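Going down the list, the sequences are from chains A and B.
Taking my numbering, the leading residue of the first sequence gets 10, the next gets one more, and so forth.
Taking my numbering, the leading residue of the second sequence gets 10, the next gets one more, and so forth.
In this text, a Cβ means the ideal position worked out from N, Cα and C, and glycines have one as well.
The structure presented is a predicted model; accordingly, all values stated were derived computationally and were not measured.
A short worksheet on the structure shown next.
Protein chains: 2
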Amino acid sequence: MAKEKIDVEESARKRNVEAADRNREMFRRAGVTVLNLIGSPGCGKTSILEYTARECEGRFAVVVGDVKTALDAERIEASGIIAAPLETGGTCHLTAEMVRGAAQELDLDEIDYLFIENVGNLVCPSTFDLGEDEKVAVVSLPEGDDKVRKYPSLFSRAGMTFINKMDLLDAFPDYDVGRIKSDLRGLRSDMRIFQTSAKTGQGMGRWFEYLRGGG
Amino acid sequence: MAKEKIDVEESARKRNVEAADRNREMFRRAGVTVLNLIGSPGCGKTSILEYTARECEGRFAVVVGDVKTALDAERIEASGIIAAPLETGGTCHLTAEMVRGAAQELDLDEIDYLFIENVGNLVCPSTFDLGEDEKVAVVSLPEGDDKVRKYPSLFSRAGMTFINKMDLLDAFPDYDVGRIKSDLRGLRSDMRIFQTSAKTGQGMGRWFEYLRGGG
């Protein structure tokens with residue numbers, strides 16, 4: 010890669026780190042816990058948040074990133090929580106500045122948890138700090154059980170991972186839940202794992218306990 | 010975005026266009042048709058190529074891009090066709106130069122089709138020309154039927170789209186195949202659509218006909 014390209018990328022990354030630190034301070038002062046959800050297109054990020062909005066009591070809001078359209082934000086608003094849409098216009102990940110702009114539209118004093126639904130992508134969002142408390146990875150059964158080995162950059166940075174669409178286990182008899190859990194724990198022994206179906210509600214109780222502070 | 014960043018990105022893109030043109034000339038002279046497969050992690054790109062290698066007679070080779078590991082290349086080689094692995098080391102898409110390096114390891118005179126399996130990502134790979142004849146989008150039922158609306162940048166550039174994992178239609182009763190086909194044709198009236206299952210073989214016959222020149 011050309012040296013000038015590396016320099017410019019470094020400087021953009023440095024600006025992002027500074028913006029992320031400012032976000033973190035803003036969230037800390039407002040007493041808001043921020044979770045940054047990262048996963049492939051269609052893995053169930055929006056569905057997990059919809060289910061949470063419907064079934065779990067709490068003061069939540071969501072910043073929803075999409076390359077194009079506000080379809081996900083509309084789905085989330087329909088389930089009854091505040092959603093600030095954020096169309097990236099082609100960019101493959103959210104930046105701290107984008108999140109700041111969207112968060113400023115929200116009344117942070119009215120919420121305890123801010124969920125950031127990142128762009129559907131396992132690669133680019135993993136290295137951009139948005140000022141979150143924790144990155145939350147989402148994988149789903151139909152994607153196959155090799156995702157942790159193939160995208161370690163995300164999973165080594167995430168404090169929690171959803172293994173979603175567990176209701177499809179019979180349809181994917183080769184999917185080795187034990188393997189993916191052991192790959193996750195191999196990267197991070199403290200990884201919090203939720204095995205869920207946002208369709209049937211399976212496993213969502215433990216996630217709600219976590220949100221209610223029961224860990 | 011800072012002006013210097015735009016300038017450097019422009020210059021990297023310009024280099025990529027030049028390298029893509031050189032690739033195209035190299036492939037044209039060798040009489041190789043090149044298809045660049047782009048889809049989410051776990052949508053079935055590798056499985057489609059494995060099934061094709063096993064069941065369709067032809068002189069094929071594959072360049073397999075992955076951020077980390079050569080797991081997919083190993084799967085493809087096990088099914089009996091030549092696979093050149095290409096670990097991008099963090100980059101979220103292949104570039105024309107990466108493909109050139111991998112293609113130079115292959116004996117192009119021995120093959121008719123070169124499949125490029127891009128990094129699992131619906132965003133970044135869509136705007137990088139690798140010198141292919143055609144971009145081939147792959148979506149799968151579990152991802153949901155809104156992907157064409159959310160990622161038009163890919164589908165407007167692809168000449169063909171696989172709707173894969175059709176064997177799961179009963180498990181996804183809300184998936185509207187008609188809707189996604191109409192979204193695809195809305196972007197490109199000439200879109201060639203294959204409704205397939207690389208697991209059961211459903212719909213793969215039409216793809217094989219295309220490869221054999223029957224369109």
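Candidates the options, of which the one nearest residue i by Cα
i, options, result
"B:Gly153", "B:Asn127, B:Leu131, B:Tyr184", "B:Tyr184"
"A:Cys133", "A:Asn32, A:Arg22, A:Asp16", "A:Arg22"
"A:Met213", "A:Asn25, A:Gly53, A:Arg33, A:Asp16", "A:Gly53"
"B:Ile202", "B:Ser149, B:Leu177, B:Phe181", "B:Ser149"
"B:Lys190", "B:Cys101, B:Leu103, B:Met200", "B:Met200"
"A:Thr78", "A:Gly98, A:Ala70, A:Glu86, A:Cys65", "A:Gly98"
"A:His102", "A:Gly187, A:Arg63, A:Leu163", "A:Leu163"
Any C-beta of chain A under 8 Å from that of residue i
i, result
"B:Thr209", "no"
"B:Ala180", "yes"
"B:Glu27", "no"
"B:Leu177", "yes"
"B:Ser162", "yes"
"B:Arg221", "no"
"B:Trp216", "no"
Closer than 7 Å at the beta carbon, the chain D residues around residue i
i, result
"B:Asn130", "In the displayed structure, chain D is absent; the protein chains listed are A and B."
Contact under 8 Å by Cβ, residue i with residue j
i, j, result
"B:Asp179", "B:Val157", "no"
"A:Val147", "A:Ile90", "no"
"A:Ala112", "A:Val72", "yes"
"B:Arg37", "B:Ile120", "no"
"A:Thr61", "A:Arg84", "no"
"A:Pro161", "A:Leu196", "yes"
"B:Gly129", "B:Gly48", "yes"
"B:Ala70", "B:Ala82", "no"
"A:Glu96", "A:Ala28", "no"
"A:Pro151", "B:Lys174", "yes"
"B:Asp176", "B:Ser198", "no"
"B:Gly210", "B:Glu64", "yes"
"B:Val225", "B:Asn25", "Here chain B comprises residues numbered 10 to 224, so residue 225 of chain B is not present and cannot be evaluated."
Within chain B, the residues that residue i reaches when beta carbons sit closer than 7 Å
i, result
"A:Thr78", "Arg158, Lys159"
"A:Gly110", "Those do not exist, as A:Gly110 stays about 14 Å from chain B at its closest Cβ, beyond 7 Å."
"A:Ser191", "None at all; the shortest Cβ gap to chain B is about 16 Å."
"A:Gly153", "Gly51"
"A:Cys65", "The contacting residues do not exist; A:Cys65 stays about 23 Å from chain B at best."
Interface partners of residue i on chain A, CB under 7 Å
i, result
"B:Asp75", "Lys159"
Any non-hydrogen atom of the ligand ZN closer than 7 Å to residue i Cβ
i, result
"A:Ser56", "Looking at this structure, you won't find the ligand ZN or any other ligand, since it has none at all."
Neighbouring residues, chain A, relative to residue i (Cβ below 8 Å)
i, result
"B:Lys174", "Pro151"
Any C-beta of chain B under 8 Å from that of residue i
i, result
"A:Asn99", "Here residue 99 of chain A is Gly; the residue named in the question, Asn, does not match the sequence. Chain B contact via Cβ: present."
"A:Glu59", "no"
"A:Gly224", "Unreliable positioning characterises A:Gly224 in this predicted model, as indicated by a pLDDT of 49, which lies under 50. The coordinate reading is nonetheless provided below. No, no contact with chain B."
Original post:
Just checking, does the stretch 136-144 of chain A make contact with the stretch 40-58 of chain A on the three C-beta pairs under 8 Å criterion?
Top reply: yes
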